[in-house]
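Engineer: Residues 60 to 158 in this note's numbering are what the sequence shown spells out, letter by letter. Please read through the structure below; I'll follow up with questions.
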Amino acid sequence: MTSAEKATEARQFLVRGRVQGVGFRWFVEREAHILGIAGWVRNNADSSVEVLAMGTRDQLSALKSQLRRGPRASRVDQVEESAAKPVSGLKTFRIEGAW
């Protein structure tokens, strides 16, 4: 195992507020690409947005900061973070459930 693989962590974020219909998933996808994070983002039926992110602790911390900020039209009320299992073979970031 390389040092990069050892440093990779996975986190699940649940973002609540006005985060659907405001370009939030595209915002997250762009920020994840900029930060070099793998994973996915999707809307949930309860109007929250769910993010699975894999990267270093610093990358994940930077993403969490961006999730709190959100795109201009959004209003982020809460960002819940929990540990997640890394998904082997997941090397890019994508939007799931996009129309």
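Just so you know, even glycine gets a beta-carbon here, dropped at the ideal spot from N, CA and C.
Exposed or buried, what is Ala-63 when buried is set at 16 or more other beta-carbons lying within 10 Å of its beta-carbon?
Structural biologist: Residue confidence is low: Ala-63 scores 48 on pLDDT, short of 50, so the model does not pin down where it sits. Its coordinate-derived value is still stated next. Ala-63 is exposed by the Cβ-count criterion.
Engineer: Answer yes or no: do Glu-140 and Trp-99 have a C-beta to C-beta separation smaller than 8 Å?
Structural biologist: Result no, Cβ atoms of Glu-140 and Trp-99 do not sit closer than 8 Å.
Engineer: Provide the residue(s) that pair with Gly-98 in DSSP beta bridges, ordered along the chain.
Structural biologist: Per DSSP, Ala-112, Phe-152.
Engineer: Let me see if you follow: with CB-CB separation under 8 Å, is Val-87 close to chain D or not?
Structural biologist: The chain labelled as chain D is not found in the depicted structure, where only one protein chain is given.
Engineer: Within the same chain, show all residues whose beta-carbon is closer than 6 Å to that of Gln-137, passing over the 5 residues directly before and after it, in chain order.
Structural biologist: These residues qualify, in order along the chain: Arg-75.
Engineer: Can you tell which of Gly-114, Leu-73, Thr-115, Val-81 has the C-alpha that lies nearest to the C-alpha of Asp-105?
Structural biologist: The shortest C-alpha separation from Asp-105 is found at Leu-73.
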